[in-house]
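Worksheet: the structure to be examined is printed underneath.
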Amino acid sequence: MHQRINEIINDGIAGLFLYEVETLLMHNDGGKTDIMNILLTGGAGYIGSHTCVVLLEQGYHVMVIDNLCNSKAESLKRVEKITGKKILFYHEDLRNPAGVDAIFRQNEVDAVIHFAGLKSVAESVDQPLNYYQNNISGTLVLCEIMQANGVKNLVFSSSATVYGNPETVPIDENAPVGAFNPYGRSKLFIEEILTDLSLADKAWNIALLRYFNPVGAHPSGLIGEDPSDLPNNLMPYVSQVAVGKLTELRVFGDDYDTPDGTGVRDYIHVMDLAEGHLSALEKLASNPGLVTYNLGTGKGYSVLEMVAAFESASGKQIPYKIMGRRPGDIPVCYANPSLAEKELGWTARRGIDEMCADAWRWQSINPNGFV
Ligand code: NAD
Ligand code: UFG
């Protein structure tokens, strides 16, 4: 790179000089590539906002499209506070083709990370059309507009839910898939749509990232998970019990075939997950076609182990009551994350104590979330 800069200086092409140096530095910083301008759909949400931090800190230019149906613009202001960098935010619904197309025309976009979607399993059972409409139509609009604008690098937020009830654990990417609720099926259908797209046009580079159970928060305590209603997921529920907003945790089942009878999951720190997106973007730059990775830690913890870890991180007692099993829950789910390690050079580094400490810092500083 330095030799190239010298050549430009020696050539005396003054006008080109600044532009070229800036471009070269940008494109070679830390081994990065020419994928620099990243559009995040759903970037104001939980995982998206943490990914914004990681990308901005690595020098990427970040744009966000979000309709704020499950998030607040304040999350992005906090990201700017953490990083000291600006985000270009568009308050827009992904299903509005004219609005989304205008954003692509106004900006240089090298890659898209597609977080936008509805994510509650229970709500998806009650409102299947809403889930299919939002998740699938949103993705179709996005891909059509990307194609029309010549943008063919895409990272998609998939989920371990596509494995349904796994036959064996740890789960690797070749395990059979088969979701059993509308939310999970929407993820599976999108994976299939994106697979067909990559088969039809080899110019597409697509990473399907199957997240396990994201928890925790940025260590600053400025951003974190902010459920708009009663939390569905374990760790936000535990946090709200600890802060006094909810009285006790309901533990759904203690009669599973697990060491303490409660369900076992692969909890992954949201900052590790965010860093996984950075690695996936770097992978896309090598034109891999379609790739699929589990993003998990490879370790499973039970509900009661997570409660104990949270109690010691927070110094708060978490009262709980054992209930019957929650319909649709599986006993055990954890990843084999070795493919991501081998091909992306990525592994989750943070353990459950750090997950709980960071979740508690966020919850205790912001008892009412971003409000
Ligand atoms: P989130 O709800 O916090 O973020 C999703 C964001 O998308 C929100 O900000 C929401 O306002 C936005 N959005 C939804 N529909 C939109 C639309 N039509 N147009 C524009 N914006 C829209 O959820 P999250 O936890 O950050 O999850 C991000 C993605 O990861 C989702 O696709 C989710 O299904 C997937 N995922 C999440 C988990 C998890 O446990 N959090 C696990 C596996 C996969
Ligand atoms: N649990 C409780 N009490 C609660 C909430 C959960 O005991 O109040 C238990 C569940 O029964 C389960 C474990 O805690 O054993 C984890 O449950 P979560 O709801 O936190 O997470 P799930 O594994 O059920 O599902 C989550 C997301 C899905 C996603 C999946 C895999 O909600 O969307 O992780 O990524 F697909």
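In this text, residue positions in the sequence shown follow my numbering: the first is 14, and each later residue adds one.
No residue lacks a Cβ here, since even glycine has one placed at the ideal position from N, Cα and C.
Spatial neighbours of residue i in its chain, beta-carbon cut-off 7 angstroms, leaving aside the 5 residues before and after
{"i": "E93", "result": "K99, I100"}
{"i": "I126", "result": "I51, L53, T64, V168, H290"}
{"i": "A322", "result": "I365, D366, C369"}
{"i": "G358", "result": "S292"}
{"i": "K200", "result": "S171, S172, T174, V175, A192"}
{"i": "F202", "result": "I149"}
{"i": "R198", "result": "A192"}
{"i": "I158", "result": "P110, V113, D114, F117"}
{"i": "F102", "result": "V77, A86, L89"}
{"i": "I48", "result": "D123, A124, N166, L294, L297, A298"}
{"i": "L247", "result": "V316, M319"}
{"i": "E70", "result": "T96"}
Neighbourhood of residue i by C-beta distance below 6 angstroms, restricted to the same chain and skipping five residues each side
{"i": "R363", "result": "H282, D285"}
{"i": "P350", "result": "N307, G309, G311"}
{"i": "T360", "result": "E354"}
{"i": "V134", "result": "N194, Y196"}
{"i": "C112", "result": "It should be noted that the sequence gives Gly, not Cys, for residue 112. Taken in chain order, the residues that qualify are E105."}
{"i": "S233", "result": "I95"}
{"i": "G382", "result": "D239"}
{"i": "N147", "result": "L131"}
{"i": "D267", "result": "G274, T275, I335"}
{"i": "W217", "result": "K165, L210, S211"}
C-beta contact flag for residue i and residue j at 8 angstroms
{"i": "F117", "j": "V66", "result": "no"}
{"i": "N83", "j": "H104", "result": "no"}
{"i": "N307", "j": "E186", "result": "yes"}
{"i": "Y144", "j": "P227", "result": "no"}
{"i": "P179", "j": "C369", "result": "no"}
{"i": "N50", "j": "D123", "result": "yes"}
{"i": "T152", "j": "I206", "result": "yes"}
{"i": "P344", "j": "Y269", "result": "yes"}
{"i": "S327", "j": "A255", "result": "yes"}
{"i": "V154", "j": "L210", "result": "no"}
{"i": "S315", "j": "G276", "result": "yes"}
{"i": "Y333", "j": "L262", "result": "yes"}
{"i": "A57", "j": "K85", "result": "yes"}
Neighbour-count burial assignment, residue i, 16 or more Cβ in a 10 Å radius
{"i": "S386", "result": "With the chain covering 14 to 384 only, the question about residue 386 has no answer from this structure."}
{"i": "L212", "result": "exposed"}
{"i": "W373", "result": "buried"}
{"i": "R223", "result": "buried"}
{"i": "M336", "result": "exposed"}
{"i": "R278", "result": "buried"}
{"i": "P380", "result": "exposed"}
{"i": "Q376", "result": "buried"}
{"i": "Q253", "result": "buried"}
{"i": "P183", "result": "buried"}
{"i": "L294", "result": "buried"}
{"i": "P189", "result": "exposed"}
{"i": "V384", "result": "exposed"}
{"i": "L68", "result": "buried"}
{"i": "D371", "result": "buried"}
{"i": "I378", "result": "exposed"}
{"i": "K132", "result": "buried"}
{"i": "P249", "result": "buried"}
{"i": "R91", "result": "buried"}
{"i": "L243", "result": "exposed"}
{"i": "T181", "result": "exposed"}
{"i": "S62", "result": "buried"}
{"i": "G257", "result": "exposed"}
{"i": "G44", "result": "Caution applies to G44, whose pLDDT of 43 falls short of 50 and renders its modelled position unreliable; the model cannot decide the point."}
{"i": "G313", "result": "buried"}
Per DSSP, the bridge partner or partners of residue i
{"i": "M319", "result": "The partner list for M319 (beta bridge, DSSP) is empty, contrary to what the question assumes."}
{"i": "I219", "result": "L167, L303"}
{"i": "D79", "result": "H104"}
{"i": "K334", "result": "R263"}
{"i": "V345", "result": "V277"}
{"i": "Y196", "result": "For Y196, which the question treats as bridged, DSSP gives no partner whatsoever."}
{"i": "L53", "result": "V77, I126"}
{"i": "I184", "result": "A348"}
{"i": "V228", "result": "H282"}
{"i": "S88", "result": "Bridge partners of S88: none, in fact."}
{"i": "S172", "result": "Y224"}
Nonlocal neighbours in the same chain, by C-beta distance under 8 angstroms from residue i, ignoring five residues either side
{"i": "K215", "result": "G302"}
{"i": "N162", "result": "D114, F117, R118, V122"}
{"i": "P141", "result": "P195"}
Cβ-heavy atom distance, residue i to the ligand NAP, below 7 angstroms
{"i": "L107", "result": "The ligand NAP is not part of this structure, which contains only the ligand NAD and the ligand UFG."}
Ordered list of beta strand (DSSP E) runs contained in the segment 245–324, each at least 3 residues:
262–265, 280–282, 303–308
4-residue-minimum alpha helix (DSSP H) runs that sit fully inside the segment 120–157, ordered along the chain:
134–139, 141–144
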